[in-house]
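Visitor: Converting from the sequence shown to the working numbering requires adding 131 to each position, the first position being numbered 1.
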Amino acid sequence: MSFLSSFDISASGLTAERQRLDIAAENISNSETTRTASGGPYRRKMVVLEEIPSTSTFRTRFNSLLNRTASKGGVKVTEIVEDQRDLNPVYNPDHPDANEEGYVMMPNVDLVKETIDGMSATRAYEANITAFNAMKLMAQRALDIGK
Numbered sequence: 132m133s134f135l136s137s138f139d140i141s142a143s144g145l146t147a148e149r150q151r152l153d154i155a156a157e158n159i160s161n162s163e164t165t166r167t168a169s170g171g172p173y174r175r176k177m178v179v180l181e182e183i184p185s186t187s188t189f190r191t192r193f194n195s196l197l198n199r200t201a202s203k204g205g206v207k208v209t210e211i212v213e214d215q216r217d218l219n220p221v222y223n224p225d226h227p228d229a230n231e232e233g234y235v236m237m238p239n240v241d242l243v244k245e246t247i248d249g250m251s252a253t254r255a256y257e258a259n260i261t262a263f264n265a266m267k268l269m270a271q272r273a274l275d276i277g278k
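1) Opposite Y222 in the DSSP bridges: which residues?
2) Using beta-carbon positions only, say whether K207 and A255 come within less than 8 Å of one another.
3) Quick check on DSSP: helix, strand or coil for S185?
4) Distance, Cα to Cα, M132 vs A155?
5) Where do the N-terminal and C-terminal ends of the alpha helix (DSSP H) with D228 fall, by residue?
6) Please report the Cβ distance between N158 and E245, rounded to the nearest whole angstrom; I am assuming they are in contact, meaning their Cβ atoms lie under 8 Å.
7) For L135, does the three-state DSSP call read helix, strand or coil?
8) Quick one: measure Cβ to Cβ for N219 and N239, integer angstroms, because I've assumed they're closer than 8 Å.
9) Classify T209 as helix, strand or coil using the three-state DSSP reduction.
10) Please classify V178: is it buried, with 16 or more other beta-carbons within 10 angstroms of its beta-carbon, or exposed?
11) In whole angstroms, what separates the C-alpha of S143 from that of E163?
12) Please work out which residues of its chain come closer than 7 Å, Cβ to Cβ, to Y234, disregarding the five sequence neighbours upstream and downstream, and give them in chain order.
Here it is as structure tokens:
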């Protein structure tokens with residue numbers, strides 16, 4: 132792994148954590164949405180992250196460079212899935228989406244969980260920025276050695 136690939140790894144982490152934060156914000160903003168374009172109540176979304184393995188052997192590294200598919204490691208968002216947990220029935224007979232018994236099916240979004248997910252994504256984002264800045268400082272110091 133080259134020194135400069137560390138920047139790519141941190142950048143992939145920054146991108147993934149930004150996506151996690153965006154999804155947490157979307158979940159919070161739709162926590163009261165009872166009707167979506169698909170017809171039912173909003174369902175909580177979750178981000179699935181996957182490791183981008185770095186090429187370790189000479190043969191795989193050489194072949195990936197020839198094909199311009201060099202993998203430097205990091206993380207990527209593979210998909211965004213809907214949480215299939217049960218929706219929350221709330222008694223509100225005056226609501227336009229209430230059923231015959233007066234219950235409205237509300238989204239399966241837990242505001243505390245979404246807040247914690249958002250805080251976790253923010254902390255991971257900050258950690259990636261710290262690592263990026265540390266690598267930048269090391270590169271600057273290495274260039275100063277040559278002066």
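Note that CB positions come from ideal geometry on N, CA and C, so glycine has one too.
Guide: The short version:
1) For the purposes of this step, residue 222 is taken as the residue at position 91 of the sequence shown. Note: Y222 sits in a beta bridge opposite Y234.
2) Numbered from 1 along the sequence shown, position 76 holds the residue referred to as residue 207. Numbered from 1 along the sequence shown, position 124 holds the residue referred to as residue 255. No, Cβ-Cβ distance for K207 and A255 is not below 8 Å.
3) What you label residue 185 is simply residue 54 of the sequence shown in a count that begins at 1. S185 falls in the strand class under three-state DSSP.
4) Along the sequence shown, one-based indexing puts residue 132 at 1. Along the sequence shown, one-based indexing puts residue 155 at 24. Reliability of the predicted coordinates at M132 is poor, the pLDDT of 49 falling under 50, and the value obtained from them is presented with this limitation in mind. Computed Cα separation, rounded: 33 Å.
5) Indexing the sequence shown from 1 puts residue 228 at position 97. Segment: none, D228 is in no alpha helix (DSSP H) and carries neither H nor E.
6) In the sequence shown, residue 158 corresponds to position 27, counting from 1. In the sequence shown, residue 245 corresponds to position 114, counting from 1. Going by Cβ atoms, the distance from N158 to E245 rounds to 5 Å, so yes, they are a contact pair.
7) Position 4 of the sequence shown holds residue 135. L135 falls in the coil class under three-state DSSP.
8) Looking up residue 219 in the sequence shown gives position 88. Looking up residue 239 in the sequence shown gives position 108. At roughly 6 Å, the Cβ-Cβ gap stays under 8 Å, so N219 and N239 are in contact.
9) Here residue 209 refers to the residue found at position 78 of the sequence shown. In the structure shown, T209 sits in a strand (DSSP, three-state: E or B).
10) For the purposes of this step, residue 178 is identified with residue 47 of the sequence shown, where counting begins at 1. Flag for V178 reads buried.
11) Along the sequence shown, one-based indexing puts residue 143 at 12. Along the sequence shown, one-based indexing puts residue 163 at 32. A direct Cα-Cα distance of roughly 32 Å separates S143 from E163.
12) For the purposes of this step, residue 234 is taken as the residue at position 103 of the sequence shown. Once the five neighbours on either side are set aside, the close Cβ partners of Y234 are P220, V221, Y222.
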